[in-house]
Every structure is written in structure tokens, then in C-alpha cells.
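In order, the protein sequences belong to chains Z and W.
If you're matching positions, the first sequence starts at 1022 in the working numbering and goes up one per residue.
If you're matching positions, the second sequence starts at 531 in the working numbering and goes up one per residue.
We put the CB at the ideal spot given by N, CA and C, even for glycine.
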Amino acid sequence: MLQIELLSKSFDKGKNFALKDVSFHLKQGDVCAIVGESGSGKTTLARLIAGLETPDAGIITIDGKIVSSTNKLVVPEKRKVGLVFQDYALFPHLNLMQNVLYGISKDKNKNERAEEVLKLVGLKEFKDRYPHQLSGGQQQRVALARALAPNPSLLILDEPFSNLDSMLRMQLRNEIFEIVKNTGVTAIFVTHDTQDALAVADEILILQNGRLIQKDEAANLYTKPKSIYVASLFGNTIQLSSDLQSAFKCPLSPECCHAVRNENFAINAECEHVTHAMVLKKTFLGHDTRLLLKLDNGQQLTVLTKDKVVEDRIIIGFNSIDVLQFTS
Amino acid sequence: MKQAGSKNLFSLNNRLKRLKRDSNHWAILTLVLVGLIALPVISIGIKLFSGPGETWGHIVENLLLDYIGNSLFLVFVCGFMVVLIGVSTSWLVARFEFPYRKQLEWLLILPLAIPSYIVAYSYAGILDYGGSLELILRFFGFDFVRIDIMNKTGLAFVLGISLFPYVYVSSRAFFLNQANNLMEASKMLGVGEIKSFFKLILPLARPAIVAGLILVLMEVLNDYGAAKYFGVSTFTTGIFRSWFSLAEPETAVYLSALLIIIVFGLILLEKFQRRKIQFSSSKANSQGIHRRTLSKRIQYLIFSFVLLPVLLGFIIPVAQLIYWAFLTYENVFTSSFLIISLQSFGIAFLTAIVTVIVAILLIYFSKWSRISSLKNIAKLGVLGYAIPGAVVAIGIMIPTIFIDKWLIGTLDYLFQIQPGLIISGTLIALIYAYVVRFLAVAFNPIESTALKVNDSIPDSSRILGVGNIKTFFKIDFPLIKTGILSAFILVFMDVIKELPLTLILKPFQVNTLAVKAYEYASDEMVMEAAIPSLLIILTVMLPVIFLNRLLVK
Chain Z
1022 MLQIELLSKS FDKGKNFALK DVSFHLKQGD VCAIVGESGS GKTTLARLIA
1072 GLETPDAGII TIDGKIVSST NKLVVPEKRK VGLVFQDYAL FPHLNLMQNV
1122 LYGISKDKNK NERAEEVLKL VGLKEFKDRY PHQLSGGQQQ RVALARALAP
1172 NPSLLILDEP FSNLDSMLRM QLRNEIFEIV KNTGVTAIFV THDTQDALAV
1222 ADEILILQNG RLIQKDEAAN LYTKPKSIYV ASLFGNTIQL SSDLQSAFKC
1272 PLSPECCHAV RNENFAINAE CEHVTHAMVL KKTFLGHDTR LLLKLDNGQQ
1322 LTVLTKDKVV EDRIIIGFNS IDVLQFTS
Chain W
531 MKQAGSKNLF SLNNRLKRLK RDSNHWAILT LVLVGLIALP VISIGIKLFS
581 GPGETWGHIV ENLLLDYIGN SLFLVFVCGF MVVLIGVSTS WLVARFEFPY
631 RKQLEWLLIL PLAIPSYIVA YSYAGILDYG GSLELILRFF GFDFVRIDIM
681 NKTGLAFVLG ISLFPYVYVS SRAFFLNQAN NLMEASKMLG VGEIKSFFKL
731 ILPLARPAIV AGLILVLMEV LNDYGAAKYF GVSTFTTGIF RSWFSLAEPE
781 TAVYLSALLI IIVFGLILLE KFQRRKIQFS SSKANSQGIH RRTLSKRIQY
831 LIFSFVLLPV LLGFIIPVAQ LIYWAFLTYE NVFTSSFLII SLQSFGIAFL
881 TAIVTVIVAI LLIYFSKWSR ISSLKNIAKL GVLGYAIPGA VVAIGIMIPT
931 IFIDKWLIGT LDYLFQIQPG LIISGTLIAL IYAYVVRFLA VAFNPIESTA
981 LKVNDSIPDS SRILGVGNIK TFFKIDFPLI KTGILSAFIL VFMDVIKELP
1031 LTLILKPFQV NTLAVKAYEY ASDEMVMEAA IPSLLIILTV MLPVIFLNRL
1081 LVK
């Protein structure tokens, strides 16, 4: 449905690349999240797909038609892509109905369609209001309705929840993706939040410094990250250095490429690899407690734990099944 | 391997390939527009190669030093004067409470409503033998000592007192936005008001002050009417002399080229000082301004100090004009005067519309083109404001006469038709020149309102399947209306005031209020110049007040 081949974009004539040699493809109906830190190129990727940016190299194909290559560019208005902007970008001088009608003014049943999508997002009774009369969450839903109205073949949501507070965010995230999944549209969800991505996406793409470093199903990404960077995106991860390997008496090779997630460390429990440790410092963080430990071989280690630790000397360990192995 | 391709992505070959892909018709239209706007300067540059005129040697030997000397004298003395008046008054109104502060705050802008040549006429009348000052002094029984103002010092005074509001406006904006927090911080550190001002505020305000100062200096170099009336030889009067009296276009072109170099030197200087220190406002003042209240005696002292430039730059010259108007209205108010006024307003109206449209086209064409460097090229179109009106006029004359000659020749050859002049010497050339000169006046307010519209809004429209032009009318235009309106008003005002460019390019049968005032003054009928002058002032003053309100909101 969407095919991207070796896409590259630089904003400073090749000194730095916002996006470098990115390739992937999506099937009809996929909901895919693009995850990366700020500056990873995820918004640039979304804008290139939408046609708002011109690539330096690479080919973008939507529904079997090439929309972007080195000698051809299809203008955004002809790409049939829907885009929900981070700032919603509602037209401030038009009311909700007019906003939603904007993209479907040539349709025969435009009024029915507009009411239909407004109903879908639960804002039908607000159709005469103007954007500034709505809350942030409501504006968000109008932006979705407006993008869905013309039945786009691909829907892109660029950091749609970053302007909302965390309570509203979770609720709205689930609502919005239920709507998206019910419509069956292929969707790309750009976010920096791995929790958001895990909650809604079938597939997740990880971008780092403009490069696609892993694309996988959500569960796989958690259990089989390709690098320590990907692993730490989904929670605190401790790399097993050679000193740690000797402390826990679990020699691994090659020694650079192994780690254990923080939550897989167990305190005073039966484990395959254990060591004694002195508690140097305890910091109470509410939900968790942070422990600074000095292991038997003198190595220091910081772990978070939910357990109440009262002793000064503990046993800490993990099982081999929880050791992550990186390919890079 | 495919990967190898990305290494030479920025090779010349690949860049050209992308340039070909990205050049849409908007990019070409942007270049055409910029080319048309740059045409006058380019023409002057090309014309330089046909060599100087016969009198050029004579001018270099006998007059050029005078032109340079007088122009530099005016630049320095005026510059010093406008900074002194502009900065001191803006600081006082921004920091202190005193009687009638609010009224004086906008009265200080009004000297801009009087073109400097009109200030020159009225001061010449006030200080002349038998002038208003002598009458008043004699009435109170004093002896009259004549102050001769018809020299370069007098000219510097006239230009300074009518142009200082440029500095006042730009530095006041800075003081109102920034100074309050800075002064509070400085005082918390135990530094007094005066020391804080010189050590902290003044260096920080420098970019704002210089921005205003540069505008003043460009107006000084642009002035023709006042210098001509006072008999001071400057570059502009030199250009007029070689064009009209000596009938030697080549010499006018050489002088124009020199003047362009001086002006661009000034612009570079400004860019340089701005680049070295860039103080962007961290945060605009949100708590409002707390003005200091001093003792009543000092308040009245401040009041008198701030009132003085308003008196000298606005009230006194206008009073003189009103007095003259009463003496001459019977001779001046004729049906031909009505026609001149209507022509003046009509031309200004038409020009303002064309200029606003060109500014919008330039901003949006460059935005719609996919080549990002075109936005900077579009900005070049704005430099016309720096080029003195007389130079723009010469620069328009060269290509239009050339085209007319060609057209007349071709039409005669093909159809045996002998039309008169088609472009040169018609309204087309005049309005073309106005657009070149005043494009910046329209470009800046429209661009700044356009920048406030987040890109994602027109982008959304495109994504929803609506093309560029339709997006502009449905989305951008309603959101930038206020910018367009203020651009229109500002250009209208500038055209009503404009003198040197109009004098060179106006068609024979057309006249404007500014030209009429100039003609009266040149024909030793300076009193008769009062009524057209007052009409200009009134036309310019109303929008100034209106715009001030708009900006205060």
C-alpha cells in the first residue's frame, strides 16, 4: 500500500541528514507507529510522505503509484493522504462543519459525509462552533474528522497527543485509535512516546538520527530489540559489561552485545545468575525505590525495584531467558 | 550497490536533476517578478558601460566633492540629531509619567506626516525677512535677528526635525517591550537609573536604534525638494541637474550608480552591526509597564522637553501653513486644484493596489516554489526602498525609453502606425517606479502577518485536496487581511508624499499635490504651496493615527 525506498533528505546540502536511506512498506489497513526522539527525522518522514517536503533521493509509492522520486513529485493535494498536525491546524475562521466540509466540497453527499464523521468523533452537536470555542481534546477530534472525511488511502497523525495532559492523553489515544481501526484506513502514527506506540500500533518503526534502525511488531520489539538503544526506549535496561558478567558469573560472547531489563532483576529470589551486593544508597521514589549497589567484585550498579528492601546486604540476580542479545 | 547512490547525492549532476524536478511555474514567476523589480538597478549598471557624458569630467573636478561633502554632512548631522531626539523622547515616554504623556506619545509620530520639503518651505517663510518670527518679535517690541536657514546646516535641521520619528518609533518599541524587566534587574543589583540606561539599555537598544536611523539616512539621501529649495547641492540635486538642465542622461546614470553604492554601503553596515550582536527578546513584557512618577517640577521639565520636538516638527510648521492658507485660498482653490487632488488620490489608490498585489505575489510565489533559496531572492525585491526615488526614476527611464523606441519602430515598420510614447512618459512607467520604490512598505506588514499564520494551516488545506491559489483565497487571505489593509494605507501615504520620482516620471498632463506644492515654491509663490501641502498632511495624518490605534490594539 505504501512503499518507501532509500528515502533521504538533508536540510543543509548533505552536511547532516534528517533522513538517510530509509526503506519500508506497509500493508493495507496497517496501523504503524514511527518512534524516535526529537531530531530523529520522524516528522520529516511524515512530511515527505504527505508531499510537504521534497526528498533528495528515494522513491515513495502510494497505492501502486509513484508519488515522489528524483524526477517526479506529485503535489500534496493529489496524494490522497490525510494528515493530522501536531497543532491540529484547524482553520480558525471556519466553524466545525465548514472545517470538515473543506476537503469534500466536490462530493455529492458532502453534508451527510461531514455529519457522519463529526458523529464518529462525537462532536455532531458542536458543528456550528468555531475552533477557539473547543477544548484541546475536542480540537484534536475535529482534526481527525476533517482528515477522515475525504476517505484518504493513508492517514498520518503527527504527534497528535503531545499538546494534551497525560490523563486526557491516554483516554483520547484509545478513543482515536478505535475510530481509526474501525474505519480500516492505513495509518501512520508519529510519536516520541513508546507507551503510546505500544498501545495502538501493530507495527513499530524506530528512527535514530535519520536512520531506520528497527521495524517490527510491537511485542517483538520489546523482547528482541536489535540494539541497546531500542531496548532502552522501552524502559531502563542494564548492559552486561564484562565486569558485570563476571560478577554474575555468566560469561557471554561477544561481550558487547548483551543486556538485561531492569524489571528482570530479582532481589533475594531464586535465579540462575546471582551475586551478593551491599546497598550503598536507597532513594525512595514513591512507586519504586532506587538502589545503588556495590557488587561483590567491587562493581557498582543502580537498579529500580518495587520491593521493600530493609537489609544492607542482598542477593540480586536474573535468569538467562531474560538476557537480551543484540545483533548490532 | 544501491547504497552507493546516497554518497554523491549532492554532486552537481544530482543537484541539477532535483533543480529540474523542483522548478515549478511558481519558481519561474518569482524570478520574473524579482527581475522586473531589479530592472532599474540592472539598467543603470548596464548603462554605465556606454561611458560617462561630456560634462562628467567637469562634474568630477568641480562638483563631485561638493555632492559627497554635503551629502555626508547631512548624513552625519541629521543622524546625530535624530538619535538624540528619538532616543531621549522615546525613553522619557516609556519610563516616566508626566502630564499629557499619552497624547504626546502619538503626537511625536506626527512630524512624519509632513514631507521634509514642506517643512523646509514653512521654516523658510517663518525665518525670512518679514516672516512670521519677525512679525511676532516686533509685536512684542523685540529686535529681529535673522537666522539664515537656507544653507546645509538649516537643511540638516529641517530633515532631522521631520525624520526623527523613525528612530522614536523603533526605539520606543524596544523600550516598551524590554526595558522594564532589564531596569528592574539592574536596580536589584544596585545600579542607578542613569547608569543603567547608559551601561545596559543603550547597548541593548542599539539594533533597534540603528534600524530607525538607517531609514532616516535613506530619506536624507532621497530628499530633493528641501535641498533644492535651500540651494544645497547633493547627489539627488546633481542627478536632477544632469538629467534636466544639462540633458545628459549618462552623467545622471553615473551619479545614480555612486549613490546606489553609498546606500548599499549603509545597508551592509546595518546588517553587520545586527549580525555581530543579536539580542532577540527573551520574552515580551507581560506585567505591563510601570512608569516612574517624579516630583511635579521635574514632570513639567520632561513635559516641555518632549513637547519641543512636536512643536518644532509639527505644530509650528503647520501653523505657518495654515496662516498662509488663509492668505491664499482664493487664488489656489480653483477647479484645476480639484482635478490635481483627484489625480493625486487616484494615482495613490491605484499604486497602493498594484503594490499590495505585487507584494502578495512575491511572498506567496516564492513560498509555493519548492526551492527554498527563492525566499531569500524574493527578499531582494524589497531593496527598492533603499534606492532614492530619483535613482529609481532614472533606472525606469532607461529601459522604458528603449522599449518604446523599439515598439514605435516596429509598429511603424509593420503597420505604418505612429503611436506616441507607450510606456515611458505615461502612468505605466510612473506606477511601475512607485511599485519598485515602495514594495518594501507593502511587503513587510504583509509578510509579518503571514508569518503569524502557522504553515500547518495552509498545508492542511493542500492535504485536503485544495490547490495553492484556492488555498490562498479561502485560507490565507482571510487570515492576513489586517496586514494587507495596513500595507495599502502605508503605500497610499507614501505615494501622496512622494516628490523626486514623480517629478521625473509624471506624464505632462498629470499633476500631483506634491508636485503642485513644489512648483509653487519654485516659482517664488511659496505661500500658495500651503494649501496643497496641508491637504497632503491631512491625508497622511489620518491613517497615521488610525494605524497607531491598530498597532496599540
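Z/Pro-1171 has a beta carbon lying within less than 8 Å of a beta carbon in chain W.
Identification of residues in the stretch 546–564 of chain W having a C-beta nearer than 8 Å to some C-beta of chain Z yields Lys-547, Arg-548, Lys-550, Arg-551 and Asp-552, given in sequence order. About 21 Å separates the CB atoms of Z/Asp-1186 and W/Ser-986; that is not less than 8 Å, and the two are not in contact.
Its Cα nearest to that of Z/Val-1043, the residue Z/Leu-1226 stands out among Z/Ile-1259, Z/Val-1324, Z/Ala-1268 and Z/Leu-1226. Between W/Leu-981 and W/Val-912, the C-beta gap is not smaller than 8 Å, which leaves the two residues out of contact. With a cutoff of 8 Å on beta-carbon distance, Z/Met-1022 and Z/Thr-1207 are scored as near each other. By the neighbour-count criterion, in which 16 or more other beta carbons inside 10 Å mark a residue as buried, Z/Arg-1334 falls on the exposed side. If you keep only unbroken alpha helix (DSSP H) runs of at least 4 residues inside the stretch 980–1027 of chain W, you get 986–993, 998–1001 and 1011–1027. Taking a Cβ-Cβ threshold of 8 Å, the residues of chain W close to Z/Gly-1035 are Leu-539 and Phe-540, in chain order.
In the three-state scheme derived from DSSP, where H, G and I count as helix and E and B as strand, Z/Thr-1204 is classed as helix.
Taking the Cα of W/Arg-804 as reference, the smallest distance to any Cα among W/Arg-736, W/Leu-751 and W/Phe-705 is reached at W/Arg-736. Among the bridge pairs identified by DSSP, Z/Ser-1029 is matched with Z/Ala-1078. In the three-state scheme derived from DSSP, where H, G and I count as helix and E and B as strand, W/Asp-934 is classed as helix. It is roughly 34 Å from the alpha-carbon of W/Leu-657 to the alpha-carbon of W/Tyr-964.
At a beta-carbon threshold of 7 Å, the residues of chain Z lying near W/Ser-986 are Phe-1106, Asp-1108 and Ala-1110, ordered along the chain.
Here Z/His-1294 is buried, its C-beta having at least 16 other C-beta atoms within 10 Å. Boundaries of the alpha helix (DSSP H) around W/His-555: 555–577. Following the DSSP letters along the chain, one finds W/Thr-858 inside the alpha helix (DSSP H) bounded by residues 846–862.
Between W/Val-649 and W/Pro-847 the beta-carbon gap is near 5 Å, inside 8 Å, which marks them as a contact. Within chain Z, the residues placing a beta-carbon under 7 Å from that of W/Ile-1005 are Phe-1112, ordered along the chain. For Z/Asn-1092, the closest Cβ of chain W is nearer than 8 Å.
Nearest to W/Tyr-696 by C-alpha distance, out of W/Ile-1061, W/Ile-1066, W/Phe-1007 and W/Gly-843, is W/Gly-843. In the three-state scheme derived from DSSP, where H, G and I count as helix and E and B as strand, W/Thr-766 is classed as helix. Z/Cys-1292 sits in coil when the DSSP states are folded into three classes, being neither helix nor strand.
A distance of 8 Å or more separates the beta carbons of W/Ala-878 and W/Ile-1034. By the 16-neighbour rule on beta-carbons within 10 angstroms, W/Val-675 is exposed. For Z/Lys-1315, the enclosing beta strand (DSSP E) starts and ends at 1310–1316.
At a C-beta separation below 7 Å, W/Gly-995 has these neighbours in chain Z: Glu-1098, Gly-1124 and Pro-1171. The continuous alpha helix (DSSP H) containing W/Glu-723 extends over residues 723–726. Look at Z/Lys-1129 here: in three-state DSSP terms it is coil, with no helix or strand label.
Residue contact check for Z/Val-1088 against chain W: no CB pair falls below 8 Å. Bridge pairing for Z/Ala-1287: Z/Gly-1338 [DSSP].
Contact annotation: Z/Gln-1160 and Z/Pro-1181 have beta-carbon atoms that are not nearer than 8 Å. The C-beta of W/Lys-682 has 16 or more other C-beta atoms within 10 Å across all chains shown, which makes the residue buried. Just so you know, the alpha carbons of W/Lys-897 and W/Lys-905 end up roughly 7 Å apart.
For W/Leu-734, the enclosing alpha helix (DSSP H) starts and ends at 732–752.
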